[in-house]
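Asker: Starting off with a structure, shown below.
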Amino acid sequence: MTASEIVAQAAISCGHDVKKTEVAGMAQRGGVVTSHVRFGPRVLSPSIPTGEADVLIGFEPAEAARWCGELRPNGVAIVNTMRLVPPIVSIGRFAYPDDPLKAFHDAGVRLMAFDAGAIAREIGELRLGNTVMLGAAADSLPFPQGTIKDILVERFRKRKPALAELNERAFEVGRAAAIAAATDSAGTAAAQTASA
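The opening position of the sequence shown corresponds to residue 29 in our numbering, with each subsequent residue numbered one higher.
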């Protein structure tokens, strides 16, 4: 929910009309959290119609795969590959998919996938995974470079100044990870095309 709030603030700072909606579900018990952020010259509804999302930021691969159909054909999915198995899978009620990213490959959408959790641990704090993902999404959103980072860092300077620099670093590392993932994905697509 914090990520969607920061994206909404970035859109407002760029002069857009913004509408946002979120569903927290039973997040404290391993449930799903979803947010929609719509912005443009005039926005009447916060909900993004199915098949019309430009960018999907997935903080967990199986959950991201569930929302793959929300993307428009030329949309982009930025997905954290770190698995966070929900309790309903742990108790055996549902099976975790063998390859959650297959849905994106099958749909033919642009996919930037990497382990944001591993990156956050390298920086020194697993909770920075969300900031890593925001950094990864920054170049896929139509804002001037630095807009999202500036809002994020300022938010931490006001609330937890000691974490501002750490979050700025996580943001930049996430941005670099997305660029590397996009390059890897483009190379794979080119190789598949050449071999076909």
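C-beta: ideal position from N, C-alpha, C; glycine also.
Please list the terminal residues of the continuous alpha helix (DSSP H) segment that includes S118.
Answerer: Taking the sequence shown and counting its residues from 1, the one referred to as residue 118 is at position 90. That run of the alpha helix (DSSP H) goes P115 to S118.
Asker: Should the stretch 65 to 75 be regarded as contacting the stretch 32 to 46, the criterion being three or more beta carbon pairs within less than 8 Å?
Answerer: Output reads yes: the stretch 32 to 46 touches the stretch 65 to 75.
Asker: Per DSSP, G68 forms a beta bridge with which residues?
Answerer: By one-based count along the sequence shown, residue 68 stands at place 40. Answer is D45.
Asker: Would you report the Cα separation of L139 and A206, rounded to the nearest angstrom?
Answerer: Your numbering for residue 139 matches position 111 in the sequence shown. Your numbering for residue 206 matches position 178 in the sequence shown. The alpha-carbon atoms of L139 and A206 are separated by roughly 9 Å.
Asker: Specify the secondary structure class of I85 as computed by DSSP and reduced to three states.
Answerer: By 1-based counting over the sequence shown, the position of residue 85 is 57. The answer is strand: DSSP assigns I85 an E or B state.
Asker: Taking the C-alpha atoms as reference points, what is the distance between S168 and V201?
Answerer: As a position in the sequence shown, residue 168 is number 140, starting the count at 1. As a position in the sequence shown, residue 201 is number 173, starting the count at 1. For S168 and V201, the distance between alpha carbons rounds to 15 Å.
Asker: DSSP three-state call for A218: helix, strand or coil?
Answerer: Working through the sequence shown from its first residue, we reach residue 218 at position 190. Since pLDDT at A218 reaches only 36, below the 50 mark, its modelled position is unreliable, and the value read off the structure follows with that caveat. Helix, per DSSP.
Asker: On the premise that A90 lies in contact with P128, defined as a C-beta separation below 8 Å, what is that separation, rounded to the nearest angstrom?
Answerer: Position 100 of the sequence shown holds residue 128. Position 62 of the sequence shown holds residue 90. Contact flag correct, Cβ pair sits at about 4 Å.
Asker: So what's S223 in DSSP terms, helix, strand or just coil?
Answerer: Start at 1 with the first residue of the sequence shown, and residue 223 comes out as number 195. Bear in mind that the predicted position of S223 carries a pLDDT of just 31, short of 50, making it unreliable; the figure below should be weighed with that in mind. Looking at S223 - three-state DSSP - the assignment turns out to be helix.
Asker: When the Cα atoms are used, what is the spatial distance from T159 to V61?
Answerer: Numbered from its first residue, the sequence shown carries residue 159 at position 131. Numbered from its first residue, the sequence shown carries residue 61 at position 33. Cα to Cα, the separation comes out at about 16 Å.
Asker: Tell me, which residues are paired with S63 by DSSP?
Answerer: Along the sequence shown, read from residue 1 onward, the residue named residue 63 stands at position 35. For S63, which the question treats as bridged, DSSP gives the partners E50.
Asker: Who are the Cβ neighbours of Y225 in its own chain at under 8 Å, not counting the five residues just before and after it?
Answerer: One cannot answer for residue 225 here, as it falls past the ends of the chain, which runs 29 to 224.
Asker: How about L156 and A204: do their beta carbons lie closer than 8 Å?
Answerer: For the purposes of this step, residue 156 is identified with residue 128 of the sequence shown, where counting begins at 1. For the purposes of this step, residue 204 is identified with residue 176 of the sequence shown, where counting begins at 1. In this structure, A204 does not lie closer than 8 Å to L156 by Cβ.
Asker: Could you check if G103 is buried or exposed, using at least 16 other CB atoms within 10 Å of its CB as the buried criterion?
Answerer: Mapped onto the sequence shown, residue 103 falls at position 75. Classification of G103: buried, given that the 10 Å Cβ count is 16 or more.
Asker: Closest to H133 by C-alpha separation, out of I151, G97, E150 and I147, would be which residue?
Answerer: Numbered from 1 along the sequence shown, position 105 holds the residue referred to as residue 133. The shortest Cα separation from H133 among I151, G97, E150 and I147 belongs to G97.
Asker: For G79, count neighbouring Cβ atoms within 10 angstroms of its own Cβ and tell me buried if that reaches 16, exposed if not.
Answerer: Locating residue 79 in the sequence shown gives position 51, where the first residue counts as 1. Classification for G79: exposed.
Asker: Check for me: the beta strand (DSSP E) holding I76 runs from which residue to which?
Answerer: Numbered from 1 along the sequence shown, position 48 holds the residue referred to as residue 76. Segment: none, I76 is in no beta strand (DSSP E) and carries neither H nor E.
Asker: Using DSSP with H/G/I as helix, E/B as strand and the rest coil, what is A105?
Answerer: Numbered from its first residue, the sequence shown carries residue 105 at position 77. Strand.
Asker: Identify whether L99 lies in helix, strand or coil by the three-state DSSP scheme.
Answerer: Position 71 of the sequence shown holds residue 99. Correct three-state label for L99: strand.
Asker: Could you give the C-beta distance for I151 and L99, rounded to a whole number, given that I count them as a contact under 8 Å?
Answerer: Residue numbering aside, residue 151 sits at position 123 when the sequence shown is read from its first letter. Residue numbering aside, residue 99 sits at position 71 when the sequence shown is read from its first letter. With a Cβ gap of about 29 Å, I151 and L99 do not count as contacting.
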